[in-house]
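Chemist:
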Amino acid sequence: MRISEMTGKEVINLGDGARLGIIGECELTFDSYSGVIGGLILPKRKTVFNFLGDNQIVIIPWEAIKRIGDEVVIVDLNNAYERMYSS
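FYI, in this note's numbering the residues of the sequence shown are 555 to 641.
1) Report yes if the CB atom of VAL565 is closer than 7 Å to the CB atom of GLY575, and no otherwise.
2) What separation, rounded to the nearest whole angstrom, lies between the Cα atoms of TYR587 and GLY593?
3) Name, in chain order, the residues that DSSP records as bridge partners for ILE591.
4) Please name the residue in ILE614, ASP630, ILE557 and GLY589 whose C-alpha comes closest to that of LYS620.
5) Drop a sphere of 10 angstroms on the beta-carbon of ILE614, count the other beta-carbons inside from all chains shown, and report buried for 16 or more, exposed for fewer.
6) Under three-state DSSP, which class holds GLU625?
7) Could you give the residue range of the beta strand (DSSP E) that holds GLU564?
8) So ILE576 is in the beta strand (DSSP E); what residue range does that whole segment cover?
9) In terms of residue numbering, what span does the beta strand (DSSP E) encompassing ILE614 cover?
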């Protein structure tokens, strides 16, 4: 799958059902030596309360992506962060 095919899909966290954003203005992180994708960087959803604040981001580790559907991308951030920081 190409990253362009993910455009417009909504990202939802499996753990709490939170809507994290819509892929379209996302960036990929990757290791320049190995070429391995590290994760997605999404702009955080806009709310009434953060219109004056800085642009915030959500970093989604590539290992957290569980399923890519026609309209949504399901991620499991809770388990992904536990695996990353428990080592």
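Ideal Cβ positions, reconstructed from N, Cα and C, are used throughout, including at glycine. Here the structure is a predicted model, which is why all the values come from computation and not from measurement.
Modeler: With the structure as the only source:
1) In this structure, VAL565 places its C-beta atom within 7 Å of the C-beta atom of GLY575.
2) Roughly 15 Å separates the two Cα atoms.
3) Note: ILE591 sits in a beta bridge opposite PHE584.
4) Of the candidates ILE614, ASP630, ILE557 and GLY589, the one whose C-alpha sits nearest the C-alpha of LYS620 is ASP630.
5) Buried, since its Cβ has 16 or more Cβ neighbours within 10 Å.
6) For GLU625, the secondary structure class from DSSP, reduced to helix, strand or coil, is coil.
7) Element bounds for GLU564: 564 to 567.
8) Bounds of the beta strand (DSSP E) holding ILE576 are 573 to 576.
9) From DSSP, the beta strand (DSSP E) with ILE614 extends over 611 to 615.
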